[in-house]
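Asks: Take a look at the following structure, please.
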Amino acid sequence: MAVDITLLFRASVKTVKTRNKALGVAVGGGVDGSRDELFRRSPRPKGDFSSRAREVISHIGKLRDFLLEHRKDYINAYSYVMSEYGRMTDTERDQIDQDAQTFMRTCSEAIQQLRTQGVCKLYSEQRAIRVKRVVDKKRLSKLEPEPSTKTRESTSSEKVSRNPSEDSEEKPVTEEHPEKVPAESQPELGTWGDGKGDDELSPEEIQMFEQENQRLIGEMNSLFDEVRQIEGRVVEISRLQEIFTEKVLQQEAEIDSIHQLVVGATENIKEGNEDIREVSTLGPPGPPQCGTESRQQRSSCWQGGTSALLWPSPQGSPPDGAGQSHFDPRQTPDPRCYQEP
Amino acid sequence: MAAAAAASIRERQTVALKRMLNFNVPHVKNSTGEPVWKVLIYDRFGQDIISPLLSVKELRDMGITLHLLLHSDRDPIPDVPAVYFVMPTEENIDRMCQDLRNQLYESYYLNFISAISRSKLEDIANAALAASAVTQVAKVFDQYLNFITLEDDMFVLCNQNKELVSYRAINRPDITDTEMETVMDTIVDSLFCFFVTLGAVPIIRCSRGTAAEMVAVKLDKKLRENLRDARNSLFTGDTLGAGQFSFQRPLLVLVDRNIDLATPLHHTWTYQALVHDVLDFHLNRVNLEESSGVENSPAGARPKRKNKKSYDLTPVDKFWQKHKGSPFPEVAESVQQELESYRAQEDEVKRLKSIMGLEGEDEGAISMLSDNTAKLTSAVSSLPELLEKKRLIDLHTNVATAVLEHIKARKLDVYFEYEEKIMSKTTLDKSLLDIISDPDAGTPEDKMRLFLIYYISAQQAPSEADLEQYKKALTDAGCNLNPLQYIKQWKAFAKMASAPASYGNTTTKPMGLLSRVMNTGSQFVMEGVKNLVLKQQNLPVTRILDNLMEMKSNPETDDYRYFDPKMLRGNDSSVPRNKNPFQEAIVFVVGGGNYIEYQNLVDYIKGKQGKHILYGCSELFNATQFIKQVKCTLLVS
Numbered sequence: 001m002a003v004d005i006t007l008l009f010r011a012s013v014k015t016v017k018t019r020n021k022a023l024g025v026a027v028g029g030g031v032d033g034s035r036d037e038l039f040r041r042s043p044r045p046k047g048d049f050s051s052r053a054r055e056v057i058s059h060i061g062k063l064r065d066f067l068l069e070h071r072k073d074y075i076n077a078y079s080y081v082m083s084e085y086g087r088m089t090d091t092e093r094d095q096i097d098q099d100a101q102t103f104m105r106t107c108s109e110a111i112q113q114l115r116t117q118g119v120c121k122l123y124s125e126q127r128a129i130r131v132k133r134v135v136d137k138k139r140l141s142k143l144e145p146e147p148s149t150k151t152r153e154s155t156s157s158e159k160v161s162r163n164p165s166e167d168s169e170e171k172p173v174t175e176e177h178p179e180k181v182p183a184e185s186q187p188e189l190g191t192w193g194d195g196k197g198d199d200e201l202s203p204e205e206i207q208m209f210e211q212e213n214q215r216l217i218g219e220m221n222s223l224f225d226e227v228r229q230i231e232g233r234v235v236e237i238s239r240l241q242e243i244f245t246e247k248v249l250q251q252e253a254e255i256d257s258i259h260q261l262v263v264g265a266t267e268n269i270k271e272g273n274e275d276i277r278e279v280s281t282l283g284p285p286g287p288p289q290c291g292t293e294s295r296q297q298r299s300s301c302w303q304g305g306t307s308a309l310l311w312p313s314p315q316g317s318p319p320d321g322a323g324q325s326h327f328d329p330r331q332t333p334d335p336r337c338y339q340e341p
Numbered sequence: 001m002a003a004a005a006a007a008s009i010r011e012r013q014t015v016a017l018k019r020m021l022n023f024n025v026p027h028v029k030n031s032t033g034e035p036v037w038k039v040l041i042y043d044r045f046g047q048d049i050i051s052p053l054l055s056v057k058e059l060r061d062m063g064i065t066l067h068l069l070l071h072s073d074r075d076p077i078p079d080v081p082a083v084y085f086v087m088p089t090e091e092n093i094d095r096m097c098q099d100l101r102n103q104l105y106e107s108y109y110l111n112f113i114s115a116i117s118r119s120k121l122e123d124i125a126n127a128a129l130a131a132s133a134v135t136q137v138a139k140v141f142d143q144y145l146n147f148i149t150l151e152d153d154m155f156v157l158c159n160q161n162k163e164l165v166s167y168r169a170i171n172r173p174d175i176t177d178t179e180m181e182t183v184m185d186t187i188v189d190s191l192f193c194f195f196v197t198l199g200a201v202p203i204i205r206c207s208r209g210t211a212a213e214m215v216a217v218k219l220d221k222k223l224r225e226n227l228r229d230a231r232n233s234l235f236t237g238d239t240l241g242a243g244q245f246s247f248q249r250p251l252l253v254l255v256d257r258n259i260d261l262a263t264p265l266h267h268t269w270t271y272q273a274l275v276h277d278v279l280d281f282h283l284n285r286v287n288l289e290e291s292s293g294v295e296n297s298p299a300g301a302r303p304k305r306k307n308k309k310s311y312d313l314t315p316v317d318k319f320w321q322k323h324k325g326s327p328f329p330e331v332a333e334s335v336q337q338e339l340e341s342y343r344a345q346e347d348e349v350k351r352l353k354s355i356m357g358l359e360g361e362d363e364g365a366i367s368m369l370s371d372n373t374a375k376l377t378s379a380v381s382s383l384p385e386l387l388e389k390k391r392l393i394d395l396h397t398n399v400a401t402a403v404l405e406h407i408k409a410r411k412l413d414v415y416f417e418y419e420e421k422i423m424s425k426t427t428l429d430k431s432l433l434d435i436i437s438d439p440d441a442g443t444p445e446d447k448m449r450l451f452l453i454y455y456i457s458a459q460q461a462p463s464e465a466d467l468e469q470y471k472k473a474l475t476d477a478g479c480n481l482n483p484l485q486y487i488k489q490w491k492a493f494a495k496m497a498s499a500p501a502s503y504g505n506t507t508t509k510p511m512g513l514l515s516r517v518m519n520t521g522s523q524f525v526m527e528g529v530k531n532l533v534l535k536q537q538n539l540p541v542t543r544i545l546d547n548l549m550e551m552k553s554n555p556e557t558d559d560y561r562y563f564d565p566k567m568l569r570g571n572d573s574s575v576p577r578n579k580n581p582f583q584e585a586i587v588f589v590v591g592g593g594n595y596i597e598y599q600n601l602v603d604y605i606k607g608k609q610g611k612h613i614l615y616g617c618s619e620l621f622n623a624t625q626f627i628k629q630v631k632c633t634l635l636v637s
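Line by line, the protein sequences are chains A and B. Residue numbering for the first sequence follows UniProt numbering, starting at 1 and increasing by one per position. Residue numbering for the second sequence follows UniProt numbering, starting at 1 and increasing by one per position.
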């Protein structure tokens with residue numbers, strides 16, 4: 001005996017709603033809440049193509065802004081309380097990664113929808129942005145395990161992430177910025193290091209840290225180079241793909257026209273054959289009137305026969321490649337098949 | 001009128017499941033058109049409940065295209081409704097919330113096997129809100145199906161977490177009160193679900209001072225609370241359905257395993273109980289390890305390959321239904337007979353084929369011919385039946401052969417006979433010591449079982465010297481003596497010296513060697529295996545049931561407690577109000593049961609017209625498993 005508790009469920013939904021409103025939203029949850037709204041809106045873009053594309057771009061921009069704001073907050077927070085920051089970033093990072101991943105997924109879905117409508121440029125741009133973002137994220141996550149130098153990397157990476165996202169439309173500028181950043185970060189690192197050394201660290205530790213800094217800077221530089229190369233390659237790949245799809249579409253159109261021509265040619269040839277046959281069987285032409293009449297009659301009946309030949313049986317489907325009905329496995333099998341002995 | 005209602009718990013549970021799969025709209029059979037395609041998500045509990053009742057084909061008929069475990073990786077299928085059938089545990093709820101967040105399906109029909117608490121419901125509501133999927137959660141139901149039905153009249157509480165409610169869990173000495181409470185709550189919850197599905201409020205009787213009493217008290221309380229709550233009562237008239245017996249209520253007899261420890265150890269002779277004892281059999285599925293290549297391997301050259309095969313022994317299997325309670329030789333005979341009749345029918349069909357000149361063609365071609373249609377159509381229409389019969393014969397041949405191998409290897413017939421004699425206190429023709437020291441007969445476990453039965457049923461404990469002798473013999477044979485310790489202490493503790501001793505009178509009449517019965521060409525060459533005929537005996541559980549059901553007065557059962565949840569006043573009186581014999585009864589063994597008891601009850605009720613019994617237990621174990629549990633459960637010395 002099953003008990004329907006759907007009403008109870010709806011009631012609990014209402015209580016949860018009111019409870020959430022009463023309590024407000026938690027600190028970290030604020031960002032995520034608004035991002036949830038973004039997510040809710042973005043997975044199902046409606047309307048025509050251009051507005052959709054614009055929407056997606058704006059979402060990506062908003063996400064970028066939120067991420068930046070987040071980083072800023074945390075940097076501010078760091079300068080006063082270190083331990084709190086450590087805790088927050090771990091969970092926040094996980095959350096951000098998760099959310100960003102889902103967002104990427106939805107964006108890629110949206111982008112795929114857009115793609116079929118044939119605007120490859122925007123698509124390649126979006127892809128480039130997306131790829132860059134993924135690479136950035138990977139870089140960020142790689143920097144996790146060193147807590148003491150976390151903040152410094154985060155500042156430098158923040159600048160890196162900020163720059164490519166701001167100049168997403170202009171690729172050459174993007175490539176320039178990462179070069180500037182290492183230069184910027186170095187003096188910053190120096191100041192950070194000094195500031196820290198006064199309170200807790202002995203001179204040997206300062207030296208160690210500085211050596212480490214140098215090493216890290218070198219690593220970062222190599223990473224930047226690699227990333228730049230990858231970016232360039234990816235952009236090339238996207239361009240090539242765009243060309244490829246264009247070509248394929250062109251070829252499709254051409255093939256269609258060729259097909260039509262061939263069908264017409266076949267028909268003509270058939271008719272020609274029939275005419276020739278008719279002429280040969282008729283023998284010497286009789287009185288012009290009767291002959292033409294009979295020829296016309298016969299040619300018309302031949303034509304009827306020809307069309308019958310062209311469309312032999314209902315089972316052969318007309319040669320229309322594009323119009324194939326989608327195979328539905330649930331369709332009952334064709335009852336005509338059973339009638340054949 | 002009263003007979004039909006409680007008849008088949010299996011049917012009721014199946015109907016409830018089908019209704020649930022049909023989105024909780026009563027399922028109309030023969031409805032035209034295809035069903036709505038859906039996905040079924042279950043956890044292990046749900047799997048155990050569904051698997052003995054519905055085959056995959058039946059699931060497909062209900063429209064289930066895909067059935068998946070809850071805690072597996074599932075891809076999103078965005079335009080399909082999903083039916084969930086899970087227990088409302090923390091992890092399940094978490095996983096469901098995750099599904100909601102990931103937007104896996106189009107709509108969600110949530111069904112909880114037992115009732116879900118309000119706070120967990122709010123957790124789901126929270127997740128649904130966060131994922132803005134509230135409208136997608138179409139229905140939420142408490143199904144009250146938290147028990148597993150194995151036969152028409154037999155059910156078990158659970159399979160997945162049976163360690164929680166095992167004999168050991170209930171009887172171990174170091175159990176705390178809170179743990180006991182949890183165990184009892186689990187059992188009571190399942191029993192409550194059972195009665196909700198059955199649609200009846202029973203009258204409860206239980207013995208005093210046992211775990212069964214605790215269960216009875218709690219169950220009574222739960223039923224009472226539910227009945228008082230007029231708004232949400234699950235037992236109101238409209239939900240009970242047609243055929244509800246309004247005059248008669250069933251009797252629930254709650255017994256504790258400890259009243260009879262000999263039966264779980266007993267060697268058995270009926271088909272189903274043997275399969276359970278000797279082979280790997282649970283949830284109506286038996287797993288065999290076949291060593292193929294025995295018959296056709298040339299002089300030991302080819303090594304025996306061991307295939308694992310599993311068979312489902314379902315209610316559709318007519319042979320099984322007929323013979324699961326028969327003594328084994330009868331089963332062997334019947335398999336032989338079935339095989340012969342099958343061969344006769346097959347020959348008939350072959351003859352027809354050769355007459356038509358279609359030797360060697362497949363059966364499908366036969367239907368093409370037009371002459372002699374009547375004969376052919378009848379032959380053809382009987383072919384699926386024949387094939388099914390062949391499959392069943394193969395199945396049972398394999399199973400029975402495996403059982404027979406065990407019997408021959410361990411001389412189980414000898415043990416059975418001897419134990420019967422012990423339990424009925426007829427004179428023993430062979431000394432116990434002889435059997436124990438015999439290296440050919442049986443595994444060490446068999447010997448341990450035999451000795452324990454002897455020990456349990458003995459009127460007075462054997463003398464120290466004898467005991468030492470026995471112990472030495474047992475250890476020589478390779479037995480672990482821990483179970484003996486336990487039984488000793490149990491016996492002392494239980495003060496039930498009188499009760500388990502009387503197993504009723506029985507005689508086993510050996511009908512001599514059986515080899516003549518088995519015709520040539522048979523695989524059941526039971527040379528040296530005695531054909532023992534069981535005479536009806538009543539195990540303790542059956543006796544108790546008999547007393548209570550027929551309102552007989554008996555010192556054993558007179559001081560059983562009496563609960564009636566429908567009565568306004570809560571206190572029980574030992575004097576039952578109802579003086580009439582009961583027509584329906586449910587026997588539930590707290591602490592574990594087995595097929596021997598079930599079979600005994602079935603045999604008992606067969607003789608009574610118009611009465612029905614359902615048998616349930618908190619878990620189902622065979623002797624091996626029982627000994628394992630007992631080994632680890634030593635009372636504090």
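Even glycine gets a Cβ: it sits at the ideal position worked out from N, Cα and C. Since the structure is predicted, the reported quantities are computational estimates derived from the model, not experimental observations.
With 16 as the cutoff for other CB atoms within 10 Å, does P555 of chain B come out buried or exposed?
Replies: Flag for P555 of chain B reads exposed.
Asks: Taking just the CA atoms, how far does I243 of chain A sit from Q251 of chain A?
Replies: Looking at the two C-alpha atoms, the distance is approximately 12 Å.
Asks: Between R343 of chain B and Y144 of chain B, what straight-line distance do the alpha-carbon atoms span, to the nearest angstrom?
Replies: Those two C-alpha atoms are separated by around 47 Å.
Asks: Please state the DSSP three-state secondary structure of I163 of chain B.
Replies: Residue identity check: residue 163 of chain B is Glu in the sequence provided, not Ile. Coil at E163 of chain B, not helix or strand.
Asks: Who are the Cβ neighbours of E290 of chain B in its own chain at under 6 Å, not counting the five residues just before and after it?
Replies: Taken in chain order, the residues that qualify are N307, K309.
Asks: Pull up the DSSP beta-bridge partners for I204 of chain B, would you.
Replies: Note: I204 of chain B sits in a beta bridge opposite B:L252, B:F563.
Asks: If you follow the beta strand (DSSP E) that D79 of chain B is in, where does it begin and where does it stop?
Replies: Unbroken beta strand (DSSP E) run through D79 of chain B: 77 to 86.
Asks: Please name the residue, chosen from B:P81, B:M567, B:A400, B:P540, that lies closest to V275 of chain B on a Cα-to-Cα basis.
Replies: The residue with the shortest Cα to Cα distance from V275 of chain B is B:A400.
Asks: How would you label L614 of chain B, buried or exposed, when you count the other beta carbons within 10 angstroms and need 16 or more for buried?
Replies: Buried is the call here.
Asks: What residues are listed by DSSP as bridge partners for G616 of chain B?
Replies: Per DSSP, B:F155, B:F588.
Asks: Between B:P81, B:V86, B:L17, B:R74, which has its C-alpha nearest F45 of chain B's C-alpha?
Replies: It is B:V86 whose Cα lies nearest to the Cα of F45 of chain B.
Asks: What are the boundary residues of the alpha helix (DSSP H) that includes residue 378 of chain A?
Replies: Outside the displayed span of chain A (1 to 341) sits residue 378 of chain A, for which this structure offers no information.
Asks: Indicate whether at least one CB of chain B lies closer than 8 Å to the CB of S108 of chain A.
Replies: Chain B contact via Cβ: absent.
Asks: Tell me whether Y109 of chain B sits in a helix, a strand or coil according to DSSP, three-state version.
Replies: Here Y109 of chain B sits in strand by DSSP.
Asks: Check for me: the alpha helix (DSSP H) holding D43 of chain B runs from which residue to which?
Replies: No alpha helix (DSSP H) contains D43 of chain B, which DSSP labels as neither H nor E.
Asks: Across which residues does DSSP place G593 of chain B in a beta bridge pair?
Replies: Its beta-bridge partners are B:L620.
Asks: Pair every Cβ in the stretch 218 to 234 of chain B with every Cβ in the stretch 407 to 423 of chain B, then say whether three or more of these pairs are closer than 8 Å.
Replies: Touching, no.
Asks: On a Cα-Cα basis, can you pick out the residue from B:T268, B:V630, B:R449, B:I586 that is closest to G478 of chain B?
Replies: Looking at the Cα atoms, B:R449 is the closest of the given residues.
Asks: Return the bridge partner residues of F141 of chain B from the DSSP annotation.
Replies: In DSSP, F141 of chain B forms a bridge with A:D4, B:N111.
Asks: Applying a beta-carbon distance threshold of less than 7 Å, which residues of chain A neighbour K579 of chain B?
Replies: Those within 7 Å of K579 of chain B in chain A number zero; the least Cβ separation is about 30 Å.
Asks: Can you tell me whether N538 of chain B is helix, strand or coil according to DSSP?
Replies: Coil.
Asks: Can you tell me which of the three DSSP states D194 of chain A falls into?
Replies: For D194 of chain A, the predicted model reports a pLDDT of 46, less than 50, meaning its position is unreliable and no value from the coordinates is stated.
Asks: Out of B:D153, B:E90, B:T135, B:F147, state which residue places its alpha-carbon closest to the alpha-carbon of D123 of chain B.
Replies: Answer by Cα proximity: B:E90.
Asks: So with Cβ pairs under 8 Å, would you call L8 of chain A a contact of chain B?
Replies: True, the Cβ-Cβ gap to chain B drops below 8 Å.
Asks: May I have a chain-ordered list of the alpha helix (DSSP H) segments no shorter than 4 residues that lie completely inside the stretch 365 to 447 of chain B?
Replies: Fully enclosed alpha helix (DSSP H) runs of 4 or longer: 373 to 410, 412 to 424, 432 to 437.
Asks: Using a Cβ-Cβ cut-off of less than 8 Å, give me the residues of the stretch 125 to 139 of chain B that come near chain A, in sequence order.
Replies: Against chain A - using a Cβ distance shorter than 8 Å - the residues of the stretch 125 to 139 of chain B are A125, N126, A128, L129, A130, S132, V134, V137, A138, K139.
Asks: Could you tell me if Q272 of chain B is buried or exposed, where buried requires 16 or more neighbouring beta carbons within 10 angstroms of its beta carbon?
Replies: The residue is buried, with at least 16 neighbouring Cβ atoms inside 10 Å.
Asks: Considering only the beta carbon of each residue, do Y595 of chain B and T542 of chain B sit closer than 8 Å?
Replies: Not closer than 8 Å, so no.
Asks: D238 of chain B to Q47 of chain B, Cα distance in whole Å?
Replies: Since pLDDT at D238 of chain B reaches only 41, below the 50 mark, its modelled position is unreliable, and the value read off the structure follows with that caveat. Taking the straight line joining both Cα atoms gives about 30 Å.
Asks: Anything in chain B within Cβ reach of I5 of chain A, meaning under 8 Å, just list it in chain order.
Replies: In chain order: I116, L121, V140, F141, D142.
Asks: How big is the Cα-Cα spacing for T443 of chain B and A262 of chain B?
Replies: Computed Cα separation, rounded: 18 Å.
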